[in-house]
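Novice: When the letters of the sequence shown are read in order and numbered with my numbering, they come out as residues 1020 to 1163. Built from N, CA and C at the ideal position, the CB exists for glycine as well. For clarity, every value in this text was computed on a predicted model and none was experimentally measured. Below are the structure tokens for one structure; questions will follow.
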Amino acid sequence: METAQDTIQTAEAKAETSKKLFKGTGSQALLNGLISEGVHTIFGYPGGAIMPIYDALYDYADKLTHILVRHEQGGIHAAQGFARTSGEVGVVFATSGPGATNLVTGLADAQIDSTPLVCITGQVFAHLLGTDAFQETDVINITT
């Protein structure tokens, strides 16, 4: 019978192995994580703060289908409709600031209807947080 200590050691070993295996950018790690969770369709609208993910997305065209929407709110509603009809999680990308706040209505709707969504938004650089930088928005407190 496995003890709690054995479980912790096993989890630590797995975490250490995964650290050794992946060498890449944060964007690549995100996309690999989505793929490993069974995601194959992403909705989104690019903008400056999310561009590193969009740049990496180009190399994943064989595994991920990106559906370009014309507005972030359309993206989240499309992702929500996809999740409802497919039984899979809906994924949407948006940039920082107004791009992120444009997702709020869809987030509220998904929460009320228990629709599984993953929303990834850009953000200003960490050292600029709290400086009223261009498109800086406290998305965490807006959405929690």
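Terminal residues of the continuous beta strand (DSSP E) containing residue 1085?
Specialist: Locating residue 1085 in the sequence shown gives position 66, where the first residue counts as 1. Run containing residue 1085: 1084 to 1087, per the beta strand (DSSP E) assignment.
Novice: When you compare only the Cα positions, how much space is there between residue 1082 and residue 1054?
Specialist: As a working mapping, residue 1082 is identified with position 63 in the sequence shown. As a working mapping, residue 1054 is identified with position 35 in the sequence shown. So the two alpha carbons sit approximately 7 Å from each other.
Novice: Look up residue 1063 in the DSSP assignment and say whether it is helix, strand or coil.
Specialist: As a first step, residue 1063 must be located in the sequence shown, where it is residue number 44. It is a strand residue.
Novice: Per DSSP, what kind of secondary structure is residue 1136 in: helix, strand or coil?
Specialist: On the sequence shown, position 117 is the one that residue 1136 refers to. Reduced to three states, the DSSP call for residue 1136 is strand.
Novice: Near residue 1129, which residues of its chain fall below 6 Å by C-beta distance, leaving aside the five closest residues on each side in sequence?
Specialist: Counting from 1 along the sequence shown, the entry for residue 1129 is found at position 110. Closer than 6 Å at the Cβ level, and outside the excluded window around residue 1129, lie 1099, 1136.
Novice: With a 10 Å radius around its C-beta and 16 neighbouring C-beta atoms as the bar for buried, classify residue 1149 as buried or exposed.
Specialist: Your numbering for residue 1149 matches position 130 in the sequence shown. Classification of residue 1149: exposed, given that the 10 Å Cβ count is below 16.
Novice: For residue 1075, collect the residues of the same chain with a Cβ closer than 7 Å to its Cβ; drop the 5 residues on either side in sequence, then sort them by chain order.
Specialist: Taking the first residue of the sequence shown as position 1, residue 1075 is located at position 56. 1044, 1046, 1047, 1050, listed in sequence order.
Novice: I need the straight-line Cα distance from residue 1096 to residue 1125, nearest angstrom please.
Specialist: If you number the sequence shown from 1, residue 1096 lands on position 77. If you number the sequence shown from 1, residue 1125 lands on position 106. Approximately 6 Å, taken between the alpha carbons.
Novice: What are the boundary residues of the beta strand (DSSP E) that includes residue 1109?
Specialist: Within the sequence shown, numbered from 1, the residue matching residue 1109 stands at position 90. 1109 to 1113 is the span of the beta strand (DSSP E), which, as asked, contains residue 1109.
Novice: Would you call the CB atoms of residue 1156 and residue 1120 closer than 8 Å?
Specialist: Position 137 of the sequence shown, counting from 1, holds the residue named residue 1156. Position 101 of the sequence shown, counting from 1, holds the residue named residue 1120. Yes, they are a contact pair.
Novice: Work out the CA separation of residue 1066 and residue 1079 for me, nearest whole Å.
Specialist: In the sequence shown, residue 1079 corresponds to position 60, counting from 1. In the sequence shown, residue 1066 corresponds to position 47, counting from 1. Cα to Cα, the separation comes out at about 19 Å.
Novice: Can you give the Cα-Cα distance for residue 1109 and residue 1094, rounded to whole angstroms?
Specialist: As a working note, residue 1109 is residue 90 in the sequence shown. As a working note, residue 1094 is residue 75 in the sequence shown. So the alpha carbons of these two residues sit roughly 10 Å apart.
Novice: By the 10 Å Cβ neighbour count, where 16 or more other Cβ atoms means buried, how is residue 1161 classified, buried or exposed?
Specialist: Within the sequence shown, numbered from 1, the residue matching residue 1161 stands at position 142. Result: exposed.
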